[in-house]
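> Mapping of the sequence shown onto my numbering: residues 3 to 104, in sequence order.
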Amino acid sequence: MKFKIEILEDICKGCGLCVSFCPKQLFKISEKINIKGYHPAEWIGRPYFISEEKFEKLEKEKKNLISCVGCGVCYNVCPEAAIKIYKEAMGVEFKNEKKSGK
Ligand code: SF4
Ligand code: SF4
């Protein structure tokens, strides 16, 4: 099953917890600045140190074991409730019970 992440950029305070805790290292801090003046997190969907080309090759070989596994760690560590997790195939939000924008 595939998952994708949405970051509510203008809520994110760029604390970097999602970057630090994602077991697959799928986040980085963006160079852009949001409306609050922070550099928000960006979900890149692949480990930042692996090129897109190499990632696609590895994904095929390892049957999607490298990208997001939907573990929910990023969602749970985010103090701003700025992360949503979707099941990619269904396009349906699978958990985001926290209210965004405290
Ligand atoms: S759900 Fe888990 S694997 Fe997917 S981006 Fe969040 S922390 Fe990383
Ligand atoms: S944990 Fe939340 S607030 Fe912190 S950088 Fe990630 S998305 Fe932004």
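For glycine and all other residues, C-beta sits at the position ideal for the given N, C-alpha and C. This structure is a prediction, so every number in the text was calculated from the model and none was measured.
(1) Using 8 Å for Cβ pairs, my map puts Ile-31 next to Ile-85. What's the rounded Cβ distance?
(2) Taking only runs that begin and end inside the region 14 to 64, name each unbroken alpha helix (DSSP H) of 4 or more residues, in chain order.
(3) Is the region 59 to 75 touching the region 34 to 43 in the sense that three or more CB pairs, one from each, lie closer than 8 Å?
(4) If we count the other Cβ atoms within 10 Å of its Cβ and call it buried at 16 or more, is Phe-51 buried or exposed?
(5) For Val-75, report the span of its alpha helix (DSSP H) as first-last.
(6) Using CA atoms only, rank isn't needed, just tell me which of Ser-69, Ile-7, Lys-15 is closest to Pro-1.
(7) How would you label Pro-42, buried or exposed, when you count the other beta carbons within 10 angstroms and need 16 or more for buried?
Put simply:
(1) Actually they do not touch by this definition, with Cβ atoms about 14 Å apart.
(2) For the region 14 to 64, whole alpha helix (DSSP H) runs of length 4 or above, ordered along the chain, are 19 to 23, 54 to 64.
(3) By the Cβ criterion, the region 34 to 43 is not in contact with the region 59 to 75, since fewer than three pairs of Cβ atoms, one from each stretch, lie closer than 8 Å.
(4) With fewer than 16 Cβ atoms within 10 Å of its Cβ, Phe-51 is classed as exposed.
(5) Note, Val-75: alpha helix (DSSP H), 75 to 79.
(6) Here the chain has residues from 3 to 104 only, and residue 1 is not among them.
(7) Buried, since its Cβ has 16 or more Cβ neighbours within 10 Å.
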